[in-house]
Ligand code: PGA
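Numbering (this note's numbering), first residue to last: 853 to 1105.
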């Protein structure tokens, strides 16, 4: 871990109901950890307003995030959610280009880049998710995949776009499989990504937070977060158990 403030994000995906929000917010109430770690809660969109109320009532400073955002500002886009709507329910961050959006819903890197730029323009911090498939890794194409995904964003949003953004390295083969990347493999990818950012914009390279996602648990979190270029995690399955998630946050200290 480094001088950068750690970030640990809970990505509930299409899971969780109000009682889980209650449990989650309660787990962090009167806890000092929120001063030391940015803890993000990304619930399904239907729960965000409720989560905001609970955080406010209990004075718990969780950062709320959307899981996916429209590239449009408003209007006739049935089923989509704009940056303004996320802001209206208290979100300040949004995930962009999660591999489930890319692979299950056909989101192309170009659209991810448009969402990223829109989020930044409208005052949300984008969390850009990137990662290679197992096949790409086995064929030696992991880094070229990461390069393509990141370049698409830089080409649209500019070389200094990571001054106000987070990057999540999430190898697809590690997501939801129980096969987390080893700390060495993850560190190598994070170092590569930081090097890419450095080549474009030297000022952002030291400050940009790059978090790891893919089967993080309370058992493996510390070894991952101890790596010099890993600044925290994006947690799926284990974030649905608030007590376990809190231990993962503590591992980032
Ligand atoms: P996982 O998901 O922790 O369940 O592997 C991570 C993610 O998809 O963000």
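Glycine included, C-beta positions come from ideal geometry on N, C-alpha and C.
*Are residue 1057 and residue 1085 touching if we call contact CB-CB under 9 Å?*
Walking along the chain shown from the start, residue 1057 turns up at place 205. Walking along the chain shown from the start, residue 1085 turns up at place 233. Their beta carbons are not under 9 Å apart, which means residue 1057 does not touch residue 1085 by this criterion.
_Using the three-state DSSP reduction, which class does residue 884 fall into: helix, strand or coil?_
As a working note, residue 884 is residue 32 in the chain shown. Coil at residue 884, not helix or strand.
*Using the Cα positions of residue 1082 and residue 1069, report the straight-line distance between them to the nearest angstrom.*
Residue numbering aside, residue 1082 sits at position 230 when the chain shown is read from its first letter. Residue numbering aside, residue 1069 sits at position 217 when the chain shown is read from its first letter. Approximately 15 Å, taken between the alpha carbons.
*Can you tell me the Cα-Cα spacing of residue 990 and residue 1038, whole angstroms?*
Walking along the chain shown from the start, residue 990 turns up at place 138. Walking along the chain shown from the start, residue 1038 turns up at place 186. Taking the straight line from one Cα to the other gives about 15 Å.
_Is residue 1034 a contact residue of the ligand PGA, with contact defined as CB to any heavy atom under 8 Å?_
Residue numbering aside, residue 1034 sits at position 182 when the chain shown is read from its first letter. Not under cutoff, so the answer is no.
_What residue range does the alpha helix (DSSP H) around residue 1002 cover?_
Stepping through the chain shown from its first residue, residue 1002 is reached at position 150. Residue 1002 -> alpha helix (DSSP H) spans 994 to 1009.
*Tell whether a beta-carbon distance below 9 Å holds between residue 1088 and residue 1028.*
Translated into positions along the chain shown, residue 1088 becomes position 236. Translated into positions along the chain shown, residue 1028 becomes position 176. It is a contact, given that the beta carbons lie within the stated cut-off.
*Report all residues from its chain with a CB closer than 7 Å to the CB of residue 906; omit the five preceding and five following residues, and keep chain order.*
In the chain shown, the residue the question calls residue 906 occupies position 54. The residues are 873, 874 and 877.
_Contact under 9 Å by Cβ, residue 857 with residue 890_ = Counted from its first residue, the chain shown places residue 857 at position 5. Counted from its first residue, the chain shown places residue 890 at position 38. Yes.
*Chain-order list of residues whose beta-carbon lies under 8 Å from that of residue 972 (same chain, five-residue window excluded)*: One-based indexing of the chain shown puts residue 972 at position 120. Closer than 8 Å at Cβ, skipping near neighbours: 978, 1009, 1013, 1016 and 1017.
_At the level of alpha carbons, what is the spacing between residue 860 and residue 1047?_
Translated into the one-based positions of the chain shown, residue 860 becomes position 8. Translated into the one-based positions of the chain shown, residue 1047 becomes position 195. Annotation: residue 860 to residue 1047 spans about 22 Å, alpha carbon to alpha carbon.
*Per DSSP, residue 937 is paired with what?*
The count along the chain shown starts at 1 and reaches residue 937 at position 85. Partner(s): none; residue 937 has no beta bridge.
*Locate the alpha helix (DSSP H) running through residue 955, then write down its first and last residues.*
As a working note, residue 955 is residue 103 in the chain shown. Residues 951 to 956.
*Rounded C-alpha distance that separates residue 853 from residue 1059*: For the purposes of this step, residue 853 is identified with residue 1 of the chain shown, where counting begins at 1. For the purposes of this step, residue 1059 is identified with residue 207 of the chain shown, where counting begins at 1. Any reading at residue 853 needs caution, since the residue's pLDDT is 43, under 50, leaving its predicted position unreliable; the model's value is listed next. Rounded to the nearest angstrom, the two C-alpha atoms are 13 Å apart.
*How would you label residue 926, buried or exposed, when you count the other beta carbons within 10 angstroms and need 16 or more for buried?*
Walking along the chain shown from the start, residue 926 turns up at place 74. Per the 10 Å Cβ criterion, exposed.
*My guess is that residue 919 and residue 947 are in contact by the Cβ rule of under 8 Å, so how many angstroms apart are they, rounded?*
Residue numbering aside, residue 919 sits at position 67 when the chain shown is read from its first letter. Residue numbering aside, residue 947 sits at position 95 when the chain shown is read from its first letter. Going by Cβ atoms, the distance from residue 919 to residue 947 rounds to 5 Å, so yes, they are a contact pair.
*asked:* Quick check: does the Cβ of residue 1020 come within less than 8 Å of any heavy atom belonging to the ligand PGA?
replied: Walking along the chain shown from the start, residue 1020 turns up at place 168. Yes, the Cβ of residue 1020 comes within 8 Å of a heavy atom of the ligand PGA.
*So residue 910 packs on residue 881, CB below 8 Å; how close in whole Å?*
In the chain shown, the residue the question calls residue 910 occupies position 58. In the chain shown, the residue the question calls residue 881 occupies position 29. Correct: roughly 5 Å between the Cβ atoms.
_Neighbourhood of residue 966 by C-beta, 8 Å cutoff - its chain only, sequence neighbours within 5 removed_ = The count along the chain shown starts at 1 and reaches residue 966 at position 114. For residue 966, where only same-chain residues beyond five positions count, the Cβ hits under 8 Å are 923 and 1008.
*Per DSSP, which one or two residues make a beta bridge with residue 900?*
For the purposes of this step, residue 900 is taken as the residue at position 48 of the chain shown. According to DSSP, which records beta bridges pairwise, residue 900 is partnered with nothing at all.
*Just curious, the alpha helix (DSSP H) that residue 1101 is in, first and last residue?*
For this step, residue 1101 is matched to residue 249 along the chain shown. Residues 1094 to 1102.
*Rank 892, 986 and 1051 by C-alpha distance to the C-alpha of residue 1002 and give the top, closest one.*
Residue 1002 sits at position 150 when you count from the first residue of the chain shown. Measuring from the Cα of residue 1002, the nearest candidate turns out to be 1051.
_Cβ-Cβ distance between residue 1067 and residue 1020 below 9 Å_ = Stepping through the chain shown from its first residue, residue 1067 is reached at position 215. Stepping through the chain shown from its first residue, residue 1020 is reached at position 168. For residue 1067 and residue 1020, no; Cβs fall outside 9 Å.
*asked:* I need the boundaries of the beta strand (DSSP E) containing residue 1061, first residue and last residue.
replied: The residue given as residue 1061 occupies position 209 in the chain shown. From DSSP, the beta strand (DSSP E) with residue 1061 extends over 1061 to 1065.
*Provide the residue span of the alpha helix (DSSP H) that contains residue 990, from first to last.*
Taking the chain shown and counting its residues from 1, one reaches residue 990 at position 138. It spans 986 to 990 - the alpha helix (DSSP H) in which residue 990 sits, taken as one unbroken run.
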